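Undergrad:
In our numbering, the protein residues as written are 1144 to 1348.
1) Could you compute how far the alpha carbon of residue 1304 sits from the alpha carbon of residue 1196?
2) Pick from 1177, 1173 and 1322: whose alpha carbon is nearest that of residue 1162?
3) Starting from residue 1157, follow the alpha helix (DSSP H) in both directions and report where the run begins and ends.
4) Count the other CB atoms, across all protein chains shown, that sit within 10 Å of the CB of residue 1312; report buried if there are 16 or more and exposed otherwise.
5) Quick check on this structure: which residue in 1174, 1149, 1189 and 1164 has the alpha carbon closest to the alpha carbon of residue 1181?
6) Can you have a look at residue 1308 and say buried or exposed, based on whether 16 or more other CB atoms are within 10 angstroms of its CB?
7) So, with DSSP's three-state summary, where would you put residue 1144?
8) Along the chain, which unbroken stretches of the beta strand (DSSP E) at least 3 residues long are found entirely within the stretch 1265-1318?
9) Using the beta-carbon count (16 or more within 10 Å), is residue 1199 buried or exposed?
10) Do you know how far the Cα of residue 1331 is from the Cα of residue 1290?
11) Could you name the residues of the same chain whose beta carbon sits closer than 6 Å to that of residue 1156, not counting the 5 residues immediately before and after it, in chain order?
12) Between the stretch 1264-1272 and the stretch 1240-1254, do three or more beta carbon pairs fall short of 8 Å?
13) Tell me residue 1194's beta-bridge partners as DSSP assigns them.
14) Let's see if you can read the secondary structure: which residues bound the alpha helix (DSSP H) around residue 1221?
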């Protein structure tokens, strides 16, 4: 029998605190935030930051799609118990998609909204092996004074996918990138470029 994943110690106050952190991350793309939550089991497919984001954002009214490499009976059981969200096999109908960069390489079609209703899109919750506030990826746009840098390891396909958002704005995908307890946001309004040289960022957190 599997052990149920931990929830929030104080569901009301913790969810409010985490939601404020997620809002700050979205308003300041590329800044790193540490989410203080109880970590899922060590053999779980996701880290503490991603689990905390799901506990905060997912509820009875949300539909969640899970990439096969992250899917497990224990995760499904924990989501049903703690969040009560609906799981879907159709990525285009999902409010949130729990993914790795592999899912984006495979070209899975998520909802990007429409010009009239850009909010009707899927938000990506991405599990990464590396996430740092320096590196080859340069971010600019709303909420970024000058530019910021990100290092997501070898997951170039992820950043290329998010970079294409600029060509279809206001449609597109918003993303929360996570690694262990670290989280950053890249909304669809962010401009993403790859730089071969490392410059000193204007702002780092």
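Every residue, glycine too, gets a C-beta built ideally from N, C-alpha and C.
Quick caveat, the model's predicted, so the values are computed rather than measured.
TA: So, from the data block:
1) Residue numbering aside, residue 1304 sits at position 161 when the chain shown is read from its first letter. Residue numbering aside, residue 1196 sits at position 53 when the chain shown is read from its first letter. Taking the straight line from one Cα to the other gives about 21 Å.
2) Locating residue 1162 in the chain shown gives position 19, counting from the first residue. Out of 1177, 1173 and 1322, 1177 has the C-alpha closest to the C-alpha of residue 1162.
3) Taking the chain shown and counting its residues from 1, one reaches residue 1157 at position 14. That run of the alpha helix (DSSP H) goes 1154-1170.
4) Residue numbering aside, residue 1312 sits at position 169 when the chain shown is read from its first letter. Per the 10 Å Cβ criterion, exposed.
5) Numbered from 1 along the chain shown, position 38 holds the residue referred to as residue 1181. Checking every option, the nearest Cα to that of residue 1181 belongs to 1149.
6) Numbered from 1 along the chain shown, position 165 holds the residue referred to as residue 1308. Label assigned to residue 1308: buried.
7) Here residue 1144 refers to the residue found at position 1 when the chain shown is read from its first residue. Its pLDDT being 41, under 50, residue 1144 is placed unreliably by the model, and the measurement read from it follows with that caveat. It is coil, neither helix nor strand.
8) 1266-1270, 1275-1284 and 1287-1294
9) Indexing the chain shown from 1 puts residue 1199 at position 56. Looking at its Cβ environment, which holds 16 or more other Cβ atoms inside 10 Å, residue 1199 is buried.
10) Mapped onto the chain shown, residue 1290 falls at position 147. Mapped onto the chain shown, residue 1331 falls at position 188. So the alpha carbons of these two residues sit roughly 16 Å apart.
11) As a position in the chain shown, residue 1156 is number 13, starting the count at 1. Nothing meets the Cβ criterion.
12) yes
13) Translated into positions along the chain shown, residue 1194 becomes position 51. According to DSSP, which records beta bridges pairwise, residue 1194 is partnered with nothing at all.
14) Here residue 1221 refers to the residue found at position 78 when the chain shown is read from its first residue. Segment 1216-1225, the alpha helix (DSSP H) holding residue 1221.
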